[in-house]
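Here the protein sequences line up with chains U and B, keeping their order. Take 4 as the starting number for the first sequence in my numbering and just add one per residue. Take 4 as the starting number for the second sequence in my numbering and just add one per residue. A virtual CB, placed ideally from N, CA and C, is assigned to each residue, including glycine.
2 protein chains.
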Amino acid sequence: MPSPAPRPAEFSAKKQSSSAEQLLDATASLLSEGSDLDVSFSDIAKRSGLNSALIKYYFGNKEGLFLRLLERDAKVEMDALNQLMAMDLPATQKLRIHIPGILNAFYKSPYLNRLIHHMIEYVDSPSNKRVVELYVKPMMEAYRTIIAQGVEEGSFRPVDPAMFYYSLVGACDYLFSGANIIHLIFDEPKLNEQLKQRYSTYIADLMLMGLRP
Amino acid sequence: MPSPAPRPAEFSAKKQSSSAEQLLDATASLLSEGSDLDVSFSDIAKRSGLNSALIKYYFGNKEGLFLRLLERDAKVEMDALNQLMAMDLPATQKLRIHIPGILNAFYKSPYLNRLIHHMIEYVDSPSNKRVVELYVKPMMEAYRTIIAQGVEEGSFRPVDPAMFYYSLVGACDYLFSGANIIHLIFDEPKLNEQLKQRYSTYIADLMLMGLRP
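Here you go:
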């Protein structure tokens, strides 16, 4: 007897999931090109080659689409942060790995920080709570832990983790949110892999020396 | 003979100038409340108590209005920077004065950095060139000078002034551009004078220690 053909339900689930991913990919790619969050359903449909009605079908509305995109990115980025935090390394070494990690995340998804702030704007929405749980709380918790560890190891002063959060995320994100003046400041026509790496080393040196007791 | 009454032309010039200032004040106040640059002529008219036709009369269009606002802010902020740079002080002391200066400028005009980047978006426009001349070039020049001075005085490593520019402006601006998560990170319900001062001290310490040879 030949092996049975896939059941319609399975086939359909697979196809659905792949279409949803394509829509998320198209949204991510459009958001990465712009400096705001103005992407229309028709732009997403065009970029993905799918019908725009599917966006409503899978994600309900734009807020649902954005939230799913942040969830997908969080899966990658915050898993990496949690793994790093669990490693048996000195706090200085953890920061040396984490800082290029942030810049790589923003390089891959330049809309990430912008989208996090946008989703938090709707204070009482379920999206707000979810984004806070996905990104803000774990990052703040990681910074609290890493600074306490560094203080104990004698490599950091006891700084306020909240101050550290704002200075680090702000300095990293500005290479992306402020990318349109890069050609005026750096000897580079625009943001590229090499500039991101140089900035990453600079920020890691600045923070590690700046946190010294 | 009694002293002559003001000539109509003089009176009219004074009145015009004061209306233009009122429109700029209203624009600044509306921009400070929002997190984008979406202010309408009718909002400005309402806030200023003047007719919206005057905006077109004085500034031509929104770009002209925004440019005039940046010029007015530059007069205050960049004059202060130039005065500081001309003072006979060590580089470390100049940074200790400059960093609270940036944070005070953003506290007073939280739209400032956002507006600079927006006006630079139109690459070949006269506004672009003007904003580059008003802000970007003088700041970059000041950072180049201050770092060279600090290196000579033995208080700074020879870092790339462009890296310094991005890390400092990015870290400072994020307290304002990222103000909507302050209540989640800091023990404060929202941005206030005291938090700005604490952040200012933290950033100055971080930068001065982080730049050490």
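Counting along the chain, the unbroken alpha helix (DSSP H) around Arg201(B) starts and ends at 196-213. Taking CB atoms only, Val139(U) has a neighbour in chain B less than 7 Å away. Assignment of Val162(B) by DSSP, reduced to helix, strand and coil, places it in the coil class.
Taking 7 Å as the threshold, the shortest C-beta distance from Met90(U) to chain B does not fall below it. Between Tyr138(B) and Leu178(U), the beta carbon gap of about 18 Å keeps them out of contact (Cβ cut-off 8 Å). With contacts defined as CB atoms closer than 7 Å, Ser35(U) and Tyr114(U) qualify as a contacting pair. Residue contact with chain B for Tyr146(U): absent (no Cβ-Cβ distance below 7 Å to any residue of chain B). Contact of Ile123(B) with chain U by beta-carbon distance below 7 Å involves Asn183, Ile184.
Nearest neighbour of Met166(U) by Cα position, chosen from Arg75(U), Ser158(U), Leu106(U), Ile150(U), turns out to be Ile150(U).
Around the beta carbon of Pro164(U), a 10 Å sphere encloses 16 or more other beta carbons of the protein chains shown; the residue is thus reported as buried. If the five residues before and after Asn54(B) are omitted, its C-beta is found closer than 7 Å to the C-beta atoms of Ala48, all from its own chain and listed in chain order. Residue contact with chain U for Gly37(B): absent (no Cβ-Cβ distance below 7 Å to any residue of chain U). Of all residues in the stretch 147-174 of chain B, only Arg160, Val162, Asp163, Pro164, Ala165, Met166, Phe167, Tyr168, Tyr169, Ser170, Leu171, Val172, Gly173, Ala174 place a beta-carbon less than 9 Å from a beta-carbon of chain U. Minimum Cα-Cα distance from Val162(B) among the listed residues Asn183(B), Arg147(B), Cys175(B), Ala174(B) corresponds to Arg147(B). DSSP, read as helix, strand or coil, puts Glu36(B) in helix. For Ser32(U), the CB contacts under 7 Å within the same chain, skipping 5 residues up- and downstream, are Arg50 in chain order. Against Gly63(U), chain B offers no close residue; the least beta-carbon distance is about 23 Å (beta-carbon pairs closer than 9 Å). With a cut-off of 8 Å on Cβ pairs, the stretch 119-135 of chain U is not in contact with the stretch 189-205 of chain B, counting fewer than three such pairs.
For Asn54(U), the secondary structure class from DSSP, reduced to helix, strand or coil, is coil. Take Ser112(B), set aside five residues on each side of it, and the residues of its chain with a beta-carbon closer than 6 Å to its own are Asp76, in chain order. Per the C-alpha coordinates, the member of Ala56(U), Leu68(U), Ile119(U), Glu124(U) positioned closest to Val172(U) is Ile119(U). Think of a sphere of 7 Å around the beta carbon of His120(B): the chain U residues whose beta carbon falls inside it are Gly181, Asn183, Ile184, in chain order. By the neighbour-count criterion, in which a residue is buried when 16 or more other Cβ atoms sit within 10 angstroms of its Cβ, Ser180(U) is buried. With respect to Phe159(B), Leu214(B) sits close: the two C-beta atoms are nearer than 7 Å. When the Cα atoms are used, Phe109(U) and Ser21(B) turn out to be separated by approximately 45 Å.
Contact between the stretch 195-212 of chain B and the stretch 197-205 of chain U is absent: fewer than 3 CB-CB pairs across the two stretches fall below 8 Å.
Between Ile184(U) and Lys193(U), the C-beta gap is not smaller than 7 Å, which leaves the two residues out of contact.
Nearest CB-CB separation between Leu106(U) and chain B: not below the 7 Å threshold. Its Cα nearest to that of Asp41(B), the residue Lys65(B) stands out among Glu24(B), Lys59(B), Lys65(B).
Taking 7 Å as the cut-off, the beta carbon of Pro141(U) is found no closer than this to the beta carbon of Met210(U). Only residues of its own chain outside the window of five on either side were considered, and among them Pro93, Ala94 have a CB closer than 7 Å to the CB of Glu156(U), listed in chain order.
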